[in-house]
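A.B. asks: To start, I am sharing the structure in question, which I have written as structure tokens.
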Amino acid sequence: MPTAQLLALTGVSKEFPGVKALNNVHFDLNEGEVHAIVGENGAGKSTLMKILSGIYKKDAGDITYKGKSVSIPSPLEAQKLGISIIHQELNLMPHLTVAENIFIGREDRRPGGIFLDNTKLNEAATTLLKELELNLDPTAIVGELTIAKQQMVEIAKAVSYRGSVIIMDEPTSSLTPAETDALFKIIRTLKASGKGVIYISHRLEELAKITDRITVLRDGEYVKTLDTAGTQISEVISLMVGRTVEQDQRPTNRNIGNEIVLEVQGLSDMHLLKDVSFNLRQGEILGFAGLMGAGRTELARAIIGADPKTAGKIILRGKELKIHQPSDAVDAGIGYLSEDRKRFGLMLTQNVTFNIILSSIPRFANKLGFLKMKSADGIARDSIAQLRVRTPSERQYIKNLSGGNQQKVVIAKWLTRNCDVLIFDEPTRGIDVGAKDEIYQLLTKLSNEGKSIIMISSELPEVLRLSDRIAVMCNGRLTGVIDNKDANQEVIIELATKFSDDLTTVN
Ligand SMILES: Nc1ncnc2c1ncn2[C@@H]1O[C@H](COP(=O)(O)OP(=O)(O)OP(=O)(O)O)[C@@H](O)[C@H]1O
Ligand SMILES: [Mg+2]
1060 MPTAQLLALT GVSKEFPGVK ALNNVHFDLN EGEVHAIVGE NGAGKSTLMK
1110 ILSGIYKKDA GDITYKGKSV SIPSPLEAQK LGISIIHQEL NLMPHLTVAE
1160 NIFIGREDRR PGGIFLDNTK LNEAATTLLK ELELNLDPTA IVGELTIAKQ
1210 QMVEIAKAVS YRGSVIIMDE PTSSLTPAET DALFKIIRTL KASGKGVIYI
1260 SHRLEELAKI TDRITVLRDG EYVKTLDTAG TQISEVISLM VGRTVEQDQR
1310 PTNRNIGNEI VLEVQGLSDM HLLKDVSFNL RQGEILGFAG LMGAGRTELA
1360 RAIIGADPKT AGKIILRGKE LKIHQPSDAV DAGIGYLSED RKRFGLMLTQ
1410 NVTFNIILSS IPRFANKLGF LKMKSADGIA RDSIAQLRVR TPSERQYIKN
1460 LSGGNQQKVV IAKWLTRNCD VLIFDEPTRG IDVGAKDEIY QLLTKLSNEG
1510 KSIIMISSEL PEVLRLSDRI AVMCNGRLTG VIDNKDANQE VIIELATKFS
1560 DDLTTVN
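This is how it looks when you write it as structure tokens:
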């Protein structure tokens, strides 16, 4: 059955001050199709989608929608046409409920309106969530949900507009494999009903599972559109980054001292952690693997004093630390790079320099307490070069950087703070394959220089590639610590599911 074209973009360009974000880009989408857009951080994917959803105005180019040339001057206009978007950075109202967020702006509370009262609103949400098989309570307050659950609210909201085109900008970056499968099921249903889905992801292994075609962008330029069937991931990668990237490596030539830098003894918290003990040696990368919810982030937060512990000791170079709040940990030289950069890692309305020196402000203050901006800018420029952050200058606002480049700034911030022990929580989330490789090299270099690193990651190839030893958690407990040479995916998965039969006892 021939399918009709839903959407075509031709010759689209967009410039921001100092950045040519898109240059003469083409893209099209058919009914019942899932079309991926891939490219490195800053390639222009989100910008193209924001033009399509009426958030940005294009400088040049044409958009044809269902055979007619259209202009999309506002998000409301996009909605009216039937184009909805799930944004890369979540866009929900934290103090409102799930149902209120899904139907925000559409709650007609006049007499006779469809959502006259909360009961009706919640009923409508319940029906929708059931249809999508999403396990969410419509009355839950969104700010209290995990990022993954919030992501699902975004998905439900986008579907609820019942449009013809749904844009998903990195919808799976914080989802578990099971949640990702649930999303793919939704996508297949949308596809079967003739809708078009534009799918953006840095998890390239997903492309083969869910997409029909793949369009590659590089540096704001259109590179190529490929049929997914018959395309190898390695081809997509080399089109994206312009070089080949080594995959499936293991650490080599590692020289780790015997000195134990950090010792955690019998750590427990109120909810999940049970008696966790391990140690970290000088210059070592200790990977933490486990399923989502295994307690790895909770462990990191308990170590740095972000959440209270009910038992346990944190010993740094033989001395027990009294950590009551995160600043105590930073003062002791323990840095934590949060998995949720928007909430904990960055000040979005400040510029790159300010964010990079954020946790080292005393170092950049003169006697009168003023910031030495010249030296701060210099450090920021060095970090930008070292991490290849794509930004026109160090004074660019963080909110104007692409998602992956924001993540690099969080890393730069902790490198500037010069901590001995660094805890990286999902350091490559939302980061493209080329930049991932750079971050791997950077972590290895830092550890070779003597820093001790804890790396929490849900990507097993990443854990295996970087870690000297791998600690596996399940259900709040440490189920094993293995040397890299004894580790493989099967062994890790077995340890990660060791106590899964009593999962029901955990909230
Ligand atoms: N509002 C803005 N002001 C200035 N520059 C911007 C703005 N929005 C995006 N840019 C710049 O445009 C370029 C493309 O950014 P975009 O967010 O489209 O990248 P992306 O492909 O989505 O990357 P990622 O994979 O990291 O999400 C980047 O260099 C970014 O810094
Ligand atoms: Mg993006």
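In terms of the numbering used here, the sequence shown has 1514 at position 455, counting the first letter as 1, and numbering is strictly consecutive. All C-beta atoms, glycine included, are put in the ideal place defined by N, C-alpha and C.
Between isoleucine 1131 and threonine 1274, is the Cβ-Cβ spacing less than 8 Å?
C.D. replies: For the purposes of this step, residue 1131 is identified with residue 72 of the sequence shown, where counting begins at 1. For the purposes of this step, residue 1274 is identified with residue 215 of the sequence shown, where counting begins at 1. For isoleucine 1131 and threonine 1274, no; Cβs fall outside 8 Å.
A.B. asks: Less than 7 Å separating the Cβ of glutamine 1147 from some heavy atom of ligand 2?
C.D. replies: For this step, residue 1147 is matched to residue 88 along the sequence shown. Yes, since a heavy atom of ligand 2 falls inside the 7 Å radius drawn around the Cβ of glutamine 1147.
A.B. asks: Could you say if the region 1423-1437 and the region 1069-1087 meet the contact criterion of at least three C-beta pairs nearer than 8 Å?
C.D. replies: Contact fails: fewer than three Cβ-Cβ distances are below 8 Å.
A.B. asks: For alanine 1424, which beta-bridge partners are listed by DSSP?
C.D. replies: For the purposes of this step, residue 1424 is taken as the residue at position 365 of the sequence shown. Beta-bridge pairing links alanine 1424 to Leu1430.
A.B. asks: How close, in whole Å, do the beta carbons of leucine 1191 and valine 1218 come, if the pair is a contact with beta carbons under 8 Å?
C.D. replies: Within the sequence shown, numbered from 1, the residue matching residue 1191 stands at position 132. Within the sequence shown, numbered from 1, the residue matching residue 1218 stands at position 159. About 6 Å separates the two Cβ atoms, so the contact holds.
A.B. asks: Can you tell me where the alpha helix (DSSP H) with serine 1511 in it begins and where it stops?
C.D. replies: The count along the sequence shown starts at 1 and reaches residue 1511 at position 452. From DSSP, serine 1511 is part of no alpha helix (DSSP H) but of the beta strand (DSSP E) over 1511-1515.
A.B. asks: Is DSSP giving glycine 1437 helix, strand or coil here?
C.D. replies: Reading the sequence shown from its first residue, position 378 is the one you call residue 1437. Looking at glycine 1437 - three-state DSSP - the assignment turns out to be helix.
A.B. asks: Can you name the residues that DSSP bridges to valine 1275?
C.D. replies: Numbered from 1 along the sequence shown, position 216 holds the residue referred to as residue 1275. DSSP lists Val1097 and Lys1283 as partners of valine 1275.
A.B. asks: Can you look up threonine 1235 in the DSSP assignment and give me helix, strand or coil?
C.D. replies: Position 176 of the sequence shown holds residue 1235. DSSP places threonine 1235 in coil when its eight states are reduced to three.
A.B. asks: Identify whether threonine 1563 lies in helix, strand or coil by the three-state DSSP scheme.
C.D. replies: Translated into the one-based positions of the sequence shown, residue 1563 becomes position 504. Any reading at threonine 1563 must be qualified, since the residue scores a pLDDT of 36, below 50, and its modelled position is unreliable; the value itself is stated next. Of the three classes helix, strand and coil, the one that applies to threonine 1563 here is helix, per DSSP.
A.B. asks: Could you tell me whether any non-hydrogen atom of ligand 2 is closer than 7 Å to the CB of aspartate 1278?
C.D. replies: Within the sequence shown, residue 1278 is the residue found at index 219, counting from 1. Answer for aspartate 1278: no, Cβ out of range of ligand 2.
A.B. asks: Excluding the five sequence neighbours on either side, which residues of its own chain have a C-beta within less than 8 Å of the C-beta of alanine 1555, listed in chain order?
C.D. replies: As a first step, residue 1555 must be located in the sequence shown, where it is residue number 496. Excluding residues within five positions, the ones whose Cβ falls inside 8 Å are Ala1348, Gly1349, Leu1350, Ala1353, Val1531, Met1532, Cys1533 and Thr1538.
A.B. asks: In this structure, how does DSSP classify glutamine 1324 when only helix, strand and coil are distinguished?
C.D. replies: In the sequence shown, counting from the first residue as 1, residue 1324 sits at position 265. Correct three-state label for glutamine 1324: strand.
A.B. asks: Among Ala1207, Leu1358, Val1295 and Gly1113, whose alpha-carbon lies nearest the alpha-carbon of leucine 1326?
C.D. replies: Residue numbering aside, residue 1326 sits at position 267 when the sequence shown is read from its first letter. Among Ala1207, Leu1358, Val1295 and Gly1113, the Cα nearest to that of leucine 1326 belongs to Leu1358.
A.B. asks: Roughly how many angstroms separate the alpha carbons of glutamate 1553 and valine 1300, rounded to a whole number?
C.D. replies: Counting from one through the sequence shown, the residue named residue 1553 turns up at place 494. Counting from one through the sequence shown, the residue named residue 1300 turns up at place 241. Their Cα atoms are separated by approximately 35 Å.
A.B. asks: With respect to the alpha helix (DSSP H) encompassing alanine 1267, which residues constitute its N-terminal and C-terminal limits?
C.D. replies: Start at 1 with the first residue of the sequence shown, and residue 1267 comes out as number 208. 1264-1269 is the span of the alpha helix (DSSP H), which, as asked, contains alanine 1267.
A.B. asks: Using the beta-carbon count (16 or more within 10 Å), is phenylalanine 1423 buried or exposed?
C.D. replies: Counted from its first residue, the sequence shown places residue 1423 at position 364. Phenylalanine 1423 is buried by the Cβ-count criterion.
A.B. asks: Does the count of Cβ pairs from the region 1316-1336 and the region 1359-1367 closer than 8 Å reach three?
C.D. replies: Yes: the two stretches touch, three or more of their Cβ pairs being nearer than 8 Å.
A.B. asks: Compute the distance between the beta-carbons of glycine 1253 and glutamate 1090, then report whether it is under 8 Å.
C.D. replies: Taking the first residue of the sequence shown as position 1, residue 1253 is located at position 194. Taking the first residue of the sequence shown as position 1, residue 1090 is located at position 31. Taking 8 Å as the Cβ cut-off, glycine 1253 and glutamate 1090 qualify as a contacting pair.
A.B. asks: Could you give the DSSP three-state label for valine 1157: helix, strand or coil?
C.D. replies: Within the sequence shown, residue 1157 is the residue found at index 98, counting from 1. Reduced to three states, the DSSP call for valine 1157 is helix.
A.B. asks: Hey, isoleucine 1296 and leucine 1263: beta-carbon distance below 8 Å or not?
C.D. replies: For the purposes of this step, residue 1296 is identified with residue 237 of the sequence shown, where counting begins at 1. For the purposes of this step, residue 1263 is identified with residue 204 of the sequence shown, where counting begins at 1. Yes; because the gap between Cβ atoms is below 8 Å, this pair is in contact.
A.B. asks: Would you call the CB atoms of valine 1448 and lysine 1467 closer than 8 Å?
C.D. replies: The sequence position of residue 1448 within the sequence shown is 389, counting from 1. The sequence position of residue 1467 within the sequence shown is 408, counting from 1. Against a cut-off of 8 Å, the Cβ pair of lysine 1467 and valine 1448 comes out as a contact.
A.B. asks: Which of the three DSSP states is assigned to isoleucine 1551 in this structure?
C.D. replies: Residue mapping note: residue 1551 aligns to position 492 of the sequence shown, counting from 1. Three-state result, isoleucine 1551: helix.
A.B. asks: Could you pull the start and end residues of the beta strand (DSSP E) that phenylalanine 1035 belongs to?
C.D. replies: This structure cannot speak to residue 1035, because the chain is shown only from 1060 to 1566.
A.B. asks: Just checking serine 1105 against ligand 2 - is the residue's beta carbon closer than 7 Å to any of the ligand's heavy atoms?
C.D. replies: Taking the sequence shown and counting its residues from 1, the one referred to as residue 1105 is at position 46. Flag set: Cβ of serine 1105 near ligand 2.
A.B. asks: Taking the beta strand (DSSP E) that aspartate 1542 belongs to, which residues open and close that run?
C.D. replies: To locate residue 1542, count along the sequence shown from 1; it is residue 483. First-last of the beta strand (DSSP E) with aspartate 1542: 1536-1542.
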